[in-house]
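Here the structure comes first, spelled out in structure tokens, and everything after it is commentary.
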Amino acid sequence: MTQTIFSKIIAKEVPAEIIYEDDFCLAFNDVNPQAPMHFLIIPKKPIEKISEAQPEDQALLGHLLLKAGEIAADQGYADNFRLVVNNGEGAGQTVFHLHIHVLSGRPLNWPPG
Ligand code: DGP
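Everything in the sequence shown is counted per numbering that gives the first Met the number 0, starting at 0 for the first residue and increasing by one.
So this is what it looks like as structure tokens:
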């Protein structure tokens, strides 16, 4: 996988508003927030996109989901948030390092568009 801006954020070569970090993942506020709460949670392992994840990534993917919920709760949105994963250019993915968007703080319409 080629280096992305997110690899540089993990390496602390590029600054970000980091709100959570452990051995497996990093969460930071989106630079272009689409809601009052909008952070990204990413694996430190460089997986390009969800469709590239492998069976051995099962625990890591579960970890990201659990932490997304915990961090949303820490930010005051325990029971009201949306997770979004754009997979591939056609779905709006622009950074090719797997990331989960976590959004809340305003009404979230459906379908998302
Ligand atoms: P996606 O379209 O799903 O690939 O979303 C990529 C998101 O990443 C987009 O909402 C903007 C955010 N983003 C891109 N570059 C940076 C950056 O350098 N810092 C931060 N904090 N967010 C970034």
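Ideal Cβ placement from N, Cα and C applies to all residues, glycine included.
Comparing C-alpha positions only, which one of L63, E47, S6, S103 sits nearest to Q92?
Looking at the Cα atoms, E47 is the closest of the given residues.
Can you find the residues in the same chain that come closer than 7 Å, C-beta to C-beta, to Y7, ignoring five residues on each side of it along the sequence?
Contrary to the premise, residue 7 reads as Lys rather than Tyr in this sequence. Around K7: V13.
Which same chain residues, not among the five before or five after F27, have their C-beta less than 7 Å away from its C-beta?
I8, A15, E16, I17, I18, F38, L39, listed in sequence order.
The ligand DGP and Q74: does any heavy atom of the ligand fall closer than 7 Å to the residue's C-beta?
Exclusion of Q74 from the 7 Å shell around the ligand DGP follows from its C-beta lying no nearer than that to any non-hydrogen atom of the ligand.
Quick check: does the Cβ of F27 come within less than 7 Å of any heavy atom belonging to the ligand DGP?
Yes; taking the cut-off as 7 Å, the Cβ of F27 has a heavy atom of the ligand DGP nearer than that.
Name the residue from F5, Q53, P42, V83 whose alpha carbon lies nearest to the alpha carbon of L102.
Nearest C-alpha to L102 among F5, Q53, P42, V83: V83.
Per-residue burial, L65 [other beta carbons within 10 Å of its own, 16 or more giving buried]
So L65 ends up on the exposed side.
Suppose you measure from the CA of I4 to the CA of A10; what does that come to, to the nearest Å?
Answer to the nearest angstrom: the Cα atoms are 10 Å apart.
Would the C-beta of I8 count as close to the ligand DGP, meaning under 7 Å from any of its heavy atoms?
Correct: I8 has its Cβ closer than 7 Å to the ligand DGP.
Between the CA atoms of H100 and I70 - distance to the nearest angstrom:
Approximately 12 Å between the Cα atoms of the pair.
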